[in-house]
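Numbering (my numbering), first residue to last: 529 to 664.
As structure tokens, this is what we get:
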């Protein structure tokens, strides 16, 4: 993706964290990579304030389709990361992303489960994500 001008990579993630990449200076060869590193303890309000940058960039890029890498380890009960998101927040993330991009993608979305290590919260968060997908 780094050197493909027809692809856009966006990541919101805890930083610093393994594997250590993903700084806001990592922009890709064609400025086609947007990394939004956030500190441990990021809550819903802080996350969504940063997420507006994601939506703005998606609208600017006008994607033909989305590959939605759905990681749920940002849940407040997850033992791996230290974000403070709720299961309902994952519904909002998905809903806002689809609303911003649907006129370009016409609903062409592939969602891939990535992370989430508290099984009850993973199930609930994934359910919220799928519910938002089904609404579109």
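Don't be surprised by glycine CBs; every beta carbon is placed ideally from N, CA and C.
Since the model is a prediction, treat every value here as computed from it, not as a measurement.
| Asked | Found |
| --- | --- |
| I need the straight-line Cα distance from residue 657 to residue 590, nearest angstrom please. | 22 Å |
| Shortest alpha-carbon distance to residue 633 belongs to which of 664, 550, 616? | 664 |
| Let's test the definition: count the other Cβ atoms within 10 Å of the Cβ of residue 569 and tell me whether it reaches 16, buried, or not, exposed. | exposed |
| Return the Cβ separation of residue 598 and residue 647 in integer angstroms, given the expectation that the two are a contact with Cβ distance under 8 Å. | Between residue 647 and residue 598 the Cβ distance is about 16 Å, and since that is not below 8 Å, they are no contact. |
| Is the CB-CB distance between residue 593 and residue 636 below 7 Å? | yes |
| For residue 506 and residue 542, what's the separation of their Cα atoms in angstroms? | Past the boundaries of the shown model lies residue 506; the chain is included only from 529 to 664, so the question cannot be answered. |
| Are the CB atoms of residue 618 and residue 653 within a distance shorter than 7 Å? | yes |
| Would you say residue 538 reaches chain D, if we count a Cβ-Cβ gap shorter than 7 Å as a contact? | In the structure shown, chain D cannot be found, because there is only a single protein chain. |
| Along the beta strand (DSSP E) that carries residue 664, what are the first and last residues, could you check? | Taken as a continuous stretch (DSSP letters only), residue 664 belongs to no beta strand (DSSP E), as it is neither H nor E. |
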